[in-house]
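Residues in the sequence shown are numbered from 722 upward in steps of one, following my numbering.
Notes for the one structure printed next.
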Amino acid sequence: MEETLQTPCPEGKEMIHTHNEHATQICGSYISEELKAYIVQRHGTLELDPLPSSLPQDPLNWPLWMKNMNMLMVAFHTMMATFSAAAIIPAYSVFAEKYGISIHQASYLTSVQILTMGIFPQIWSPIAVRFGRKPIFLVSVLGACICNIGGCFCHTYATQMVTRILNTIFICPPLGIGSGVVTDIFFRHERAQKMGWWTLMTTIVTPFGTFLYGFLIQRAPYQWMFGIFAITNFCQFLGYLFLGSETMGFRTPTSSTSTSTSTSPAATIKAAKPASWADSFKIRRINPAPFTLTSFLSYLNLALHPSVLIPAIAYALVFCYANIAIIVMMPLAVGEKFHLDAQGVGLQYVAIILGSILGEQFSGPASDWFLARYSARAGVR
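Rendered as structure tokens:
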């Protein structure tokens, strides 16, 4: 005889626990009693979305310190993508003098990186789906390191432009797949806070990078700018190599109609462990799906949904004006007019940094208030 219990489902639906001798049905999915016991022992509850597997390498089962460490590495990687494009802005006058170009032409060294960031993250994403995220991150930071070393030795505007384009192609993957890491390693109720880390690193670093590097350009040769980029990228490579973990390809479906109890959770976990620590360094294909044109363009389907398209356009307009246009044009609009040096240009970004921080303090509570009021009008508690 079966016993049925009803408790709140993580997504507001009914979570139906149908108990029999071998399995439990939760939200339409069957999990074994062994897996149920493991989840309760590991996480203290079954009200999780999504439900983890019994594999220890399942990112949902990682210890909190391991989750946060991997999240911070990806957030910092995202920061470096925009940081490396913005930090060269105070050096426009230096590039103009060295390469015999105008400051307006020097600004293209940043503009071309912004354009590249808008295209290539979508190309890296299908590759990461098939080979995993850790190999992509390793290739990303190592390639960026090499390109930044090359930037130290460029003697023409054209070669410097090439190194900036290649650097952006390599460093940009987390702009497209960084949010996927959040989804891989955190439960739904934890994701908003962690996405905040990733978003903050993406936005605030643009004015901060120009502010910080204004002091550097004023006091050291511009080659040090690229040298610091390269050193940072190499440290990221070592971090991913020895501390980073793959977040894809380990999970198995938790739903099963099988009621076999021949395998205990301990046996399953032991069997699922990698053969050796060296296995974590192997690059293997985790998804056999072939590469097709559709796999690189599937994200365009999201434009068919107004709930996605309208917020995306709104965010793009605000981001491009407040975070890109003003920052890129500052040396042209202020630097030339008032004859400011690199440090003087960098100091102009203090206002943007303070405005971003103050605006974030208001926008969060305002968003919560608006959502609460809308929910109350809709009769949702």
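Where a beta carbon is used, it is the ideal one built from N, C-alpha and C, also for glycine.
Q881 sits close to C875, with the two beta carbons spaced by under 8 Å. Taken through DSSP and simplified to helix, strand or coil, S775 comes out as coil.
Per DSSP, D1062 lies in no alpha helix (DSSP H) and is assigned neither H nor E. A Cβ-Cβ separation of about 6 Å places F1017 in contact with I844 under the 8 Å criterion. Less than 8 Å separates the beta-carbon of M792 from that of W918.
Nearest Cα to G930 within the set G1067, T799 and V902: G1067. Taking all protein chains shown into account, Q957 has 16 or more neighbouring C-beta atoms within 10 Å of its C-beta and is therefore buried.
Collapsing the DSSP output to three states places I1007 in coil. Between the beta-carbon of F841 and that of C868 there is about 13 Å, and that puts the pair past the 8 Å contact cut. Here the region 789-807 lies against the region 898-905, with 3 or more beta-carbon pairs under 8 Å apart.
The closest CA to that of G965, considering only F950, F1012, L937 and I906, is found on I906. In this structure, the straight-line span from the alpha carbon of E755 to that of I1047 is close to 57 Å.
The region 772-790 and the region 804-821 do not touch, with fewer than 3 CB-CB distances between them shorter than 8 Å. In this structure the region 807-816 lies against the region 935-942, because at least three pairs of beta carbons, one per stretch, are closer than 8 Å. The DSSP assignment places 842-852, 854-872, 878-892 and 894-906 as complete runs of the alpha helix (DSSP H) inside the region 830-914, in order along the chain (cut-off: 4 residues). Leaving aside the five residues that flank Y878 on each side, the residues in its chain whose CB is nearer than 6 Å to its CB run, in chain order, Y820 and I822. Judged by beta-carbon spacing, V862 lies beyond the 8 Å limit of N789, meaning their Cβ atoms are not closer than that value. Residue state for A827 is assigned as helix, using DSSP reduced to three classes.
If you draw a straight line from the Cα of Y943 to the Cα of S1077, it comes to about 28 Å.
DSSP, reduced to helix, strand and coil, places H1026 outside both helices and strands of the structure shown, so it counts as coil. Secondary structure at F1012: coil, using DSSP grouped into helix, strand and coil. Considering only V761, P847 and G839, the residue with the shortest C-alpha distance to A802 is G839.
In this structure, S774 is the residue among S774, E768, G765 and T766 with its C-alpha nearest to the C-alpha of S753. In terms of CA proximity to A941, A1063 leads the group T904, A1063, I1073 and T837. Following the DSSP letters along the chain, one finds V1049 inside the alpha helix (DSSP H) bounded by residues I1047 to M1051. DSSP places S814 in the uninterrupted alpha helix (DSSP H) bounded by Y813 to Y820. Closest option to R1005, judged by alpha-carbon separation, among P856, S846 and P784: P856. In the displayed model, M800 falls within a helix according to three-state DSSP. In the three-state reduction of the DSSP assignment, L933 falls in the helix class, which pools H, G and I.
By the 16-neighbour rule on beta-carbons within 10 angstroms, A1024 is exposed. For T968, the CB contacts under 6 Å within the same chain, skipping 5 residues up- and downstream, are P780, R854, V902, D905 and I906 in chain order. With a 10 Å radius around the Cβ and a threshold of 16 neighbouring Cβ atoms, Q834 comes out buried.
Distance from the CA of F932 to the CA of R1094, rounded to the nearest whole angstrom, comes to 39 Å.
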